[in-house]
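Adding 155 to a residue's 1-based position in the sequence shown gives its number in the numbering used here.
The structure under discussion appears below in the form of structure tokens.
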Amino acid sequence: GLTAIAKMNRALRHDDLDGMLRLLQQYLLTIPQCDNTDYEGHYQQVLYIILSLLGTYVDVEVRTATGRVDMVMRAYGKLYLFELKLGRSAQTAMEQISLKDYPARFALSGLPVVKVGISFDAERRTISDWKIDNRKPEEAKPQQPEAVDQRLVNAAKGMLSRGMDVATVASLLGLSEEEVQDLSTFT
């Protein structure tokens, strides 16, 4: 049969992060007890090793404008932002990702961002809970940055609603086509 790593890789490849984390949770229970595992960094290192063995790109303590993401993994066309907690809930981890707006650091990557909060249980030495937010950007309600002039937003929306194409609107407003598309999503 397949190894645990191969099964985790298959789950991840088939966009089943929940299934991969269930396998990881079971796998961690097979690791013999060792001293000094009562700190988050221990679990971060173990997770780094396992995710790296999946053949993915993994980095830890990735700096953003507002803090550090515990772990970032790039796999199968997505970026996964992991916030890890020892003895605290996965919901607390998710709240930190949102509060610190970690996804903003990766907005220009062109890849969908999946937010993952994981809680570790120090007594059982495995994952106790996790939360996954893999909503696509269009499912999240866009918020208009304060620096954007509302007149510019109204002008772009007005021109687009009159049937002008994005390239023409961009040229008239002195913006890129991407900026015009972004403006058209603001409320």
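Yeah, the Cβ is synthetic: ideal placement off N, Cα and C, and Gly gets one too.
Legend entry - Same chain, Cβ closer than 8 Å to residue 209, five either side skipped, listed in chain order: Within the sequence shown, numbered from 1, the residue matching residue 209 stands at position 54. Excluding residues within five positions, the ones whose Cβ falls inside 8 Å are 160, 163, 164, 167 and 230.
Inset, instruction - For residue 262, name the three-state secondary structure that DSSP assigns. - result: Taking the sequence shown and counting its residues from 1, one reaches residue 262 at position 107. Reduced to three states, the DSSP call for residue 262 is helix.
Legend entry - Three-way DSSP call (helix, strand, coil) for residue 298 in this model: Within the sequence shown, residue 298 is the residue found at index 143, counting from 1. For residue 298, the predicted structure reports a pLDDT of 46, less than 50, and the residue's modelled location is therefore unreliable. A value from the coordinates is still provided. Three-state result, residue 298: coil.
Legend entry - Three-way DSSP call (helix, strand, coil) for residue 255 in this model: The sequence position of residue 255 within the sequence shown is 100, counting from 1. Here residue 255 sits in coil by DSSP.
Inset, instruction - Using a threshold of 7 Å, state whether the C-beta atoms of residue 281 and residue 202 are closer than that. - result: By 1-based counting over the sequence shown, the position of residue 281 is 126. By 1-based counting over the sequence shown, the position of residue 202 is 47. Not closer than 7 Å, so no.
Inset, instruction - Within the same chain, show all residues whose beta-carbon is closer than 6 Å to that of residue 301, passing over the 5 residues directly before and after it, in chain order. - result: Locating residue 301 in the sequence shown gives position 146, where the first residue counts as 1. Caution applies to residue 301, whose pLDDT of 46 falls short of 50 and renders its modelled position unreliable; the value that the coordinates give is listed next. Nothing listed; no residue qualifies.
Inset, instruction - Report the rounded CA-to-CA distance for residue 285 versus residue 267, giving the unit in angstroms. - result: In the sequence shown, counting from the first residue as 1, residue 285 sits at position 130. In the sequence shown, counting from the first residue as 1, residue 267 sits at position 112. Their backbone Cα atoms lie some 19 Å apart in a straight line.
Inset, instruction - For residue 212, decide whether its Cβ has a neighbour in chain C, counting only Cβ atoms nearer than 7 Å. - result: No chain C appears in the structure shown, which is made up of a single protein chain.
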